[in-house]
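Please read the structure below before turning to the comments.
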């Protein structure tokens, strides 16, 4: 039975899945060291870590690397997604 998955492998590693109740995320941009104004990540990035959108765009307008500062995956402007949940969290924190 069971659900989808990526297929392939055949190494029956379902019992290796570990789910945690808590995730700790930094709201600090790894590029600027400041708290993100607009938390974003690349589509290809598998992690939950974010960077500040404006800082990322400013940096890459100059150096033209277009890679995620966390995982190194390619992340051109049309590959970037804004994290709506963390945007709301930051809004609540700023309002306090």
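Numbering (this note's numbering), first residue to last: 19 to 114. All C-beta atoms in this analysis are idealised placements derived from N, C-alpha and C, irrespective of residue type, glycine included. Here the structure is a predicted model, which is why all the values come from computation and not from measurement.
Supposed close pair residue i, residue j - CB separation, criterion 8 Å
i	j	result
residue 73	residue 97	Incorrect: roughly 16 Å between the Cβ atoms, too far for contact.
residue 57	residue 104	4 Å
residue 91	residue 54	That belief does not hold up - the Cβ atoms of residue 91 and residue 54 are roughly 18 Å apart, past 8 Å.
residue 69	residue 48	6 Å
Collapsed DSSP secondary structure at residue i in the structure displayed
i	result
residue 62	coil
residue 46	strand
residue 87	coil
residue 53	strand
residue 115	Here the chain has residues from 19 to 114 only, and residue 115 is not among them.
Per-residue burial, residue i [other beta carbons within 10 Å of its own, 16 or more giving buried]
i	result
residue 51	exposed
residue 102	exposed
Beta-carbon contacts of residue i that lie in its chain and below 7 Å, excluding the five residues immediately before and after
i	result
residue 66	41 and 43
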